[in-house]
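Remarks on the structure that follows.
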Amino acid sequence: MYRITEVVKQLLILNGLLYLVTHWMMPQLGPALAMYYPASDFFRPWQIVTHMFMHANFQHLFFNMFALFMFGTALESYLGPKKFLILYLLSGFGALALYLLVWYFEVSGYSPAEYQLFLSRPYSMVGASGAVFGLLAGYGMLFPESQIMLLIPPIPIKAKYFVVIYAALELYFGISQTNPGVAHFAHVGGAIFGALIILYWRKSGFR
């Protein structure tokens with residue numbers, strides 16, 4: 749389970765390198781690669797992809813990459829590199845889709861002045877969390893009985909229960925606007941798309 753696989757390794761390297769470049773070597777590059785509201789003057793088409801490889805700080809990077817390593821190795825070994833990468837990327841795009849949908853409904857209630865003020869400010873989202881939540885959902889569906897050791901409290905829990913509880917918490921945090929600096933709906937979107945992809949592959953056959 750802990751042997752690093754090729755696509756996971758390349759994703760770890762890519763995320764790590766981009767973090768070093770955008771936080772230490774060329775910090776001015778970071779804002780250009782983050783994801784902005786599509787109507788914003790800050791938006792560029794490539795951000796649809798690049799935001800998934802950007803991270804706000806080292807803690808953000810560490811926990812996403814730790815989860816990618818922990819769950820991605822087993823998934824890539826089971827699915828193969830091609831399907832694993834498809835799961836990862838489509839989960840990330842699905843996370844973005846739900847986040848943008850929620851964003852749209854939020855700003856649709858703004859007055860014209862509030863909307864113009866919103867567009868003039870560089871509100872953005874970054875991170876691999878949506879893609880990682882897709883992997884987490886896939887892991888819970890493909891390895892439902894496997895044990896995951898929680899950090900707080902340090903107790904084991906079956907993967908199928910962990911995924912459902914974690915996704916439900918993210919949905920609650922999103923609806924209640926707990927910690928608004930975190931893209932909770934992107935996490936939920938990633939988990940939903942990851943689960944749908946696995947369901948589709950199960951129906952059509954994995955190999």
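Take the sequence shown: its position 94, counting from 1, is numbered 842 in the working numbering, and each next residue is one higher. Every residue, glycine too, gets a C-beta built ideally from N, C-alpha and C. Quick caveat: nothing in here was measured; it's all calculated off a predicted structure.
- Taking Gly840 as reference, the option from Tyr948, Phe941, Ile946 and Arg950 with the minimal CA-CA separation is Phe941.
- Residue environment for Ala943: buried (at least 16 other C-beta atoms within 10 angstroms of its C-beta).
- Listed in chain order, the alpha helix (DSSP H) elements of length 4 or more contained wholly in the region 894-953 are 907-924 and 932-952.
- For Leu766, the enclosing alpha helix (DSSP H) has its first and last residue at Glu754 to Leu768.
- The C-alpha of Phe790 is placed about 29 Å away from the C-alpha of Gln758.
- Contact check for Tyr784 against Tyr871 passes: the beta carbons are separated by less than 8 Å.
- Put simply, the region 878-893 touches the region 806-823. At least three CB pairs are less than 8 Å apart.
- Exclusion of the five residues before and after Ala845 leaves Gly937 as the residues of its chain whose Cβ lies within less than 7 Å of its Cβ.
- Ser859 sits in coil when the DSSP states are folded into three classes, being neither helix nor strand.
- Per the DSSP secondary-structure output, Tyr784 pairs in a beta bridge with Ser872.
- If you ignore the 5 residues before and after His935, its C-beta comes within less than 6 Å of the C-beta of Ser877, Phe881 and Glu918, all in its own chain and listed in chain order.
- Under the three-state reduction of DSSP, Ala885 is assigned to helix.
- In terms of Cα proximity to Arg751, the closest of Leu823, Ala931 and Tyr914 is Leu823.
- Put simply, of Tyr826, Arg950, Met774 and Val930 the residue whose alpha carbon is nearest the alpha carbon of Gln807 is Val930.
- Here Val756 is near Thr821, since their CB atoms are less than 8 Å apart.
- A distance below 8 Å separates the beta carbons of Gly875 and His803.
- Looking only at Ile903, Gln776, Val850 and Ala787, the smallest Cα-Cα distance to His932 is reached by Val850.
- Rounded to whole angstroms, the gap between the alpha carbons of Gln925 and Leu760 is 30 Å.
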